[in-house]
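According to our numbering, the stretch in the sequence shown is residues 19 to 173, in order.
Report on the following structure.
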Amino acid sequence: MHVHRLEKIFLGLGIATLVAFFAILVTLQIGEGFTPPSHIQTIDPTKVSSTPPFDHPGLVRRADGSYEAYYVGQVFSWQPASLTVPRGAKVTFYVTSTDVVHGFLIEHTDVNLEVMPGWVSSGTHVFSKPGDYLIVCDQYCGEGHASMFAHILVK
Ligand code: CUA
Numbered sequence: 019m020h021v022h023r024l025e026k027i028f029l030g031l032g033i034a035t036l037v038a039f040f041a042i043l044v045t046l047q048i049g050e051g052f053t054p055p056s057h058i059q060t061i062d063p064t065k066v067s068s069t070p071p072f073d074h075p076g077l078v079r080r081a082d083g084s085y086e087a088y089y090v091g092q093v094f095s096w097q098p099a100s101l102t103v104p105r106g107a108k109v110t111f112y113v114t115s116t117d118v119v120h121g122f123l124i125e126h127t128d129v130n131l132e133v134m135p136g137w138v139s140s141g142t143h144v145f146s147k148p149g150d151y152l153i154v155c156d157q158y159c160g161e162g163h164a165s166m167f168a169h170i171l172v173k
């Protein structure tokens, strides 16, 4: 079978790209300790409203001065819709869904979680700047998707 020279070049480039991506993955995993996100906590999505601490979504202060924030997503809202935290607060978010897949994105932070029924996703942020932080759903979840938002006030 005859393979054209240009086809060989493109094939070579494709294989070289795959090898490069694989090398980057291995380097990040071994060198930087990067791992795929893991779900450490599961929850029965039909019993979220009666499963502590998600039966009372909101903010909890830990003994060390940091905070835990528990959020429940369902079409088409987040509970709690509004939270106030002091400036400088380190907050670990725990988020779950009662129905479909949602996205929990806090603007101007690194917190961007895929929220799936049956799982608890988590992420942490230190709110060093005061302001009104908007939480949006960034996974299309239905016709009310665009109105699925909440606020965190940092004072
Ligand atoms: Cu929830 Cu989009």
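Just so you know, even glycine gets a beta-carbon here, dropped at the ideal spot from N, CA and C.
This structure is a prediction, so every number in the text was calculated from the model and none was measured.
Give the DSSP bridge partners of Ile124, in chain order. Start at 1 with the first residue of the sequence shown, and residue 124 comes out as number 106. Looking at the DSSP assignment, Ile124 forms a beta bridge with Ile153.
Pick helix, strand or coil for Ser84, following the three-state DSSP scheme. Your numbering for residue 84 matches position 66 in the sequence shown. DSSP, read as helix, strand or coil, puts Ser84 in coil.
Between the alpha carbons of His126 and Tyr151, how many angstroms are there, rounded? Walking along the sequence shown from the start, residue 126 turns up at place 108. Walking along the sequence shown from the start, residue 151 turns up at place 133. Rounded to the nearest whole angstrom, the CA to CA distance from His126 to Tyr151 is 7 Å.
Hey, Leu77 and Tyr85 are a contact pair by Cβ (cut 8 Å); roughly how many whole angstroms apart? By one-based count along the sequence shown, residue 77 stands at place 59. By one-based count along the sequence shown, residue 85 stands at place 67. By a beta-carbon distance limit of 8 Å, Leu77 contacts Tyr85. Their separation comes to about 6 Å.
Between the C-alpha atoms of Ser115 and Lys147, what's the straight-line distance to the nearest angstrom? Along the sequence shown, read from residue 1 onward, the residue named residue 115 stands at position 97. Along the sequence shown, read from residue 1 onward, the residue named residue 147 stands at position 129. Spanning the two alpha carbons is a distance of roughly 29 Å.
For Phe145, count neighbouring Cβ atoms within 10 angstroms of its own Cβ and tell me buried if that reaches 16, exposed if not. Locating residue 145 in the sequence shown gives position 127, where the first residue counts as 1. Using a 10 angstroms sphere on the CB of Phe145, the tally of other CB atoms reaches 16 or more, which defines it as buried.
Out of Val118, Gly141, Lys65, Asp156, point me to the one whose CA is closest to Ala87's CA. As a position in the sequence shown, residue 87 is number 69, starting the count at 1. Just measuring C-alpha positions, the residue of Val118, Gly141, Lys65, Asp156 sitting nearest Ala87 is Gly141.
Using only the alpha-carbon positions, how far apart do Ile58 and Gly136 sit? Taking the sequence shown and counting its residues from 1, the one referred to as residue 58 is at position 40. Taking the sequence shown and counting its residues from 1, the one referred to as residue 136 is at position 118. Cα-Cα distance, rounded: 11 Å.
Which word fits Val21, buried or exposed, when buried means at least 16 other C-beta atoms lie within 10 angstroms of its C-beta? Here residue 21 is taken as the residue at index 3 of the sequence shown, counted from 1. With fewer than 16 Cβ atoms within 10 Å of its Cβ, Val21 is classed as exposed.
Taking all protein chains shown into account, decide if Val37 is buried (16 or more other Cβ within 10 angstroms of its Cβ) or exposed. Taking the sequence shown and counting its residues from 1, one reaches residue 37 at position 19. Classification of Val37: exposed, given that the 10 Å Cβ count is below 16.
Closest by CA to Phe122, which one among Lys65, Phe52, Tyr158? Sequence index remark: in the sequence shown, residue 122 carries index 104 (1-based). Here the closest residue by C-alpha is Tyr158.
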